[in-house]
Amino acid sequence: MSGGEIIIKGGFVIDPTQKIDGDVKDIAIKDGKIVEKVGSSAKVIDAKGKVVMAGGVDIHSHVAGPKVNAGRLLRPEDKLRSGTLRSSKAQKNGYRMESGFSIPSVFKTGYDYARMGYAFVMEAAMPPLMAPHVHEEIHDTPIIDEAALPVFGNNWFIMEYLKNHEVENTAAYIAWLLKVSKGYGVKIVNPGGTAAWSWGLNCLKLDDQVPFFDITPQEILTGLMEANEYLGLPHSIHVHQNNLGNPGNYPVTIDSLKLAEGVKARNKFGREQVMHSTHLQFHSYGGEGWGTFCSKAKEVMDYVNKQKNITIDLGCVTLDETTTMTADGPFEHHLHALNHLKWTNVDVELETAAGIVPYIYSKDVLPNAVQWATGLELALFAKDMNRTFITTDHPNAGPFTRYPRVIKWLMNKKSREAVLATMKNMDKVIDATNIHTIDRELNLYEIAQMTRSGPAKALGLAHIYGGLAPGLDANVSIFDLNYKDMPKDPEKIEAAFQRAAYFLKSGEIVVKDGEVLTHGHKKTIWVNPKMKEIPQVTRDVSEAFRKGTYTVGISNYPVREYLAPHPMVIDVDVEA
Amino acid sequence: METVTLTPTKTPELMFEGYSITPDAFAGKTAAEIAELPGHEGKIVMKLGDFFTVSGNGGATAADTNIHIAGDCTRVKYIGARMTAGSVTVDGNADMYVGGWMKGGKVLVKGNVDSFCGIQMEGGEIEVLGSAQNHVGCAYRGDWRGMKGGLIRIHGKAGNDIGTFMLGGTIIIEGDVFIHVSTHAEGGTIIVKGDVEGRVGGQMVKGEIYVLGKIMYMMPGFKKVDRVEKEVDGVKAVFDHYIGDLGERHPKSKGKEVYANLYVKAQ
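One line per chain: the protein sequences are H and A, in this order. Position 134, counted from 1, in the first sequence is what our numbering calls 393; the numbers after and before it change by one each time, with no gaps. Position 20, counted from 1, in the second sequence is what our numbering calls 47; the numbers after and before it change by one each time, with no gaps.
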């Protein structure tokens, strides 16, 4: 909505982009943007005694597309835990029924994010062939702005180009694919490993050979990193590393992060990192097996802290019954063999795959308890909160609706100790982790960095989201927390972040007292790299379709305009 | 002990979701407050008072509250669902999910019930004087954790999918059953006093099934091991004893594999 003038008066403003930490200030809004001032007739929102932040930015969440939908089909029982399905208020406002807990319906996804004051969510893995489906679901998710990252790490074209280190061709293919899939950036999932899965194999180390393609995960990662900077995309490569979830995987993690050393970020969007390493919790384990499984969060963060051109997100385990789903097909099969619960696998032609398995993270199961501690430790060992973002790798480590709980644990040692004290293996958990000895409690400014300014900058979207400076989109969340007198009871922190007192999306009040008022005006963001065509790449792509390597024709491959009817296109001029 | 009487006044146009009709919800409330309790009819939130007249107040706790529905509830779902104590008596029929997820207390339906009666039940007792449709005491769709405890007794016959994924408790069907009994079960006991068409104990890991009538088509995964005399729900008889499902994984106890047991009355 535009036009209406609003002024948010008297709140404790927290905006790391302007280094504002709890100052009592007014925020003025006009035509959907934040402005310096508004007239005296502006609608007044009284935020006195409340915290005012920018709308949240989620850098990594699986919320739309065939994988999520396969999860919904696999787990009808997830709907038993929907919570409030149909409140009378909802009915009055004419909005749609909500269902699901770990794999909520598109409507619940939009509403729940809005209730938590989130303005932007990145769908973390889009199979390009299935991009039309991803965009249809994104379009049906109300309120929040979204974008999607196509997966490249096991793509046959990419592997063919990179085995000869053809960076320019790789970049041209990326540019083409981002355009036709209306994608945002370069996602890499288990580089080489998912392709190897077609042969029943996996790549657990950086120098493992991908069968048939004669390439290694390391070559895929460095090649895509170079291509990404060649194009100057708003976001860096977004990496789910090899050997996820296994004991003793942290050296592979650090080796992968080291590939960023000496690489410079080249873009016009204010992004400083060249690699975003996602759900780092799943990659920060020591031990030789499940018996000696332990946290290596400190070792991993010691490296992250000194290497300034990487960013990370946590992937915190929230100790819930959830649904794991990833393009890391071999990992999901491995997980199914561990927990014997139902499993499904999807293969996406030349591009990627996906696996889905329900998972119950129990505080009384030692490895799960260690995972819980590891996720929180990553944040508590971090020195630069603007490079460390809160996620649960929704729904893999827990549903996104648990962000408020993660925030509570990070802000309050007592609440962490309370969970620890109820664990069956408390002493063993304390031995295998650092959580018990860490006294650090994050403050609201740091939380705002981790959920707002930081991820917006890492995505190259700091000119739209993540702050409250004039000119930015008027996405403002107001939480019922007194900055000067924070509650002694940690539960009140969680409750405040779960249901915002107000949430304004693009200058429109979409949530009041934790209840959704309107479907808002969502946008789909995609990146349009303007790179000169390379005839060889054009020929390779059209030949592949012509020969029938895909099951669809090239004219049916792109995402049509009508599937993303509210686009916001970010043009990138590629200077070769 | 207090008794709240609900008398149906109107047949719902759509099915009425009577999830508030439990001793737990009625406890500590007056008749007027009970009439205000919510229930959905389609997407619309209605009140119990829209479909019933309410007389009598709830007891102090669920255990002190009896609910008597003096009439037919063919179009009312979720009666007694999730209740923990007390009792519910329905004079006529009831729709789906009677006593679903219940933990304690007793539900008595004098007519028939529709599907999902006692789904994922954990404790307490359900008695149906008429017949039941499908999915008696089974797991929710997709879930692998079925009925854990309690007793369901159906005096008439039942449809298919009885006790799917059952982990504990007892289901007694006094009449005939169609197909799929104790599929995927890892515990619990099912007694069928009539005949079963087939698919008894498919993929069953642990637990007991007694069939006092005939099984028309046996599952190939069951092997006859001996003939035993047993007393089952007051009936003494000689049974052919089968173990199975041999195609399924089975846990070991003291070095020996534990199988599910199927007892079929010797003819």
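Note that beta-carbon positions come from the ideal geometry of N, C-alpha and C, so glycine has one too.
Just checking my contact of residue i with residue j at CB under 8 Å: how many whole Å lie between their CB atoms?
i	j	result
Leu701/H	Ile318/H	With 8 Å as the limit, Leu701/H and Ile318/H do not qualify as a contact, their Cβ atoms being about 18 Å apart.
Ser320/H	His535/H	That pair is no contact at about 14 Å.
Lys326/H	Ile615/H	7 Å
Gln540/H	Gly412/H	Not a contact, Cβ separation roughly 20 Å.
Pro476/H	Pro450/H	4 Å
Ile179/A	Val115/A	Contact doesn't hold; Cβ gap of about 14 Å is too wide.
Just the C-alpha distance for residue i and residue j, rounded to the nearest angstrom, thanks.
i	j	result
Tyr761/H	Gly369/H	15 Å
Lys791/H	Asp832/H	10 Å
Ile126/A	Ile153/A	According to the sequence shown, residue 126/A is Gly rather than Ile. Using only the alpha carbons, I get a separation of about 7 Å.
Ile829/H	Trp785/H	6 Å
His182/A	Thr57/A	34 Å
Val219/A	Ile199/A	6 Å
Glu395/H	Lys683/H	45 Å
His595/H	Gln277/H	47 Å
Glu591/H	Thr429/H	29 Å
Ile82/A	Met148/A	Just to set this straight, residue 82/A is Ser in the shown sequence, not Ile. Cα-Cα distance, rounded: 29 Å.
Ser158/A	Asp122/A	12 Å
Leu339/H	His542/H	32 Å
Val72/A	Val103/A	14 Å
Asp267/A	Asp587/H	49 Å
Thr30/A	Lys133/A	14 Å
Thr551/H	His695/H	18 Å
Who are residue i's beta bridge partners in DSSP?
i	result
Cys575/H	Paired residues: none, contrary to the question.
Pro617/H	Thr582/H
Asn604/H	Gly614/H
Ser554/H	Tyr544/H
Asp282/H	Val272/H
Trp785/H	Val828/H
Ile236/A	Ile217/A and Leu289/A
Ala455/H	None; Ala455/H has no bridge partner.
Gly66/A	Met73/A
Lys263/A	Glu258/A
Tyr432/H	Tyr432/H is not bridged to any residue.
Ala185/A	Val204/A
Can you find the residues in the same chain that come closer than 7 Å, C-beta to C-beta, to residue i, ignoring five residues on each side of it along the sequence?
i	result
Tyr377/H	Gly314, Gly315, Asp317 and Ile403
Tyr742/H	Phe271, Gly281, Val310 and Leu703
Ser261/H	Reliability of the predicted coordinates at Ser261/H is poor, the pLDDT of 42 falling under 50, and the value obtained from them is presented with this limitation in mind. Only Asp290, Gly291 and Gly766 meet the Cβ criterion.
Pro470/H	Ala455, Trp458 and Leu460
Glu608/H	Leu388, Tyr809 and Thr810
Tyr562/H	Ile513 and Leu516
Spatial neighbours of residue i within its chain, please: C-beta separation below 6 Å, excluding the five flanking residues on both sides.
i	result
Glu224/A	Phe205, Ile206 and Met243
Glu531/H	Ala524
Ala287/H	Ile266, Val294, Lys296 and Val297
Lys667/H	Ser674, Pro749, Ile752 and Glu753
Gly548/H	Pro506
Lys283/A	none
Asp203/A	Lys184, Gly221 and Asp222
Thr88/A	Ala54
Could you have a look at residue i and say whether DSSP puts it in helix, strand or coil?
i	result
Lys326/H	helix
Val223/A	strand
Gln294/A	coil
Asp170/A	coil
His207/A	strand
Glu60/A	helix
Leu178/A	strand
Gly767/H	Before going on, a small fix: residue 767/H reads as Glu here, not Gly. Reduced to three states, the DSSP call for Glu767/H is strand.
Asp514/H	helix
Gly482/H	helix
Glu152/A	strand
Ala754/H	helix
Ala407/H	strand
Thr32/A	strand
Leu635/H	helix
Thr710/H	helix
Asp51/A	helix
Can you give me the Cβ contacts of residue i inside the same chain, cut-off strictly under 8 Å, excluding the 5 residues immediately before and after it?
i	result
Asp473/H	Lys422
Val533/H	Met484, Asn487, Glu488, Ser495, Ile496, Ala519, Val522, Lys523, Ala524, Asn568 and Ile569
**Message:** Please identify, using Cβ separations under 9 Å, the residues of the stretch 162 to 194 of chain A that lie next to chain C, in order along the chain.
**Reply:** In summary, chain C is missing from the structure at hand, where the protein chains are H and A.
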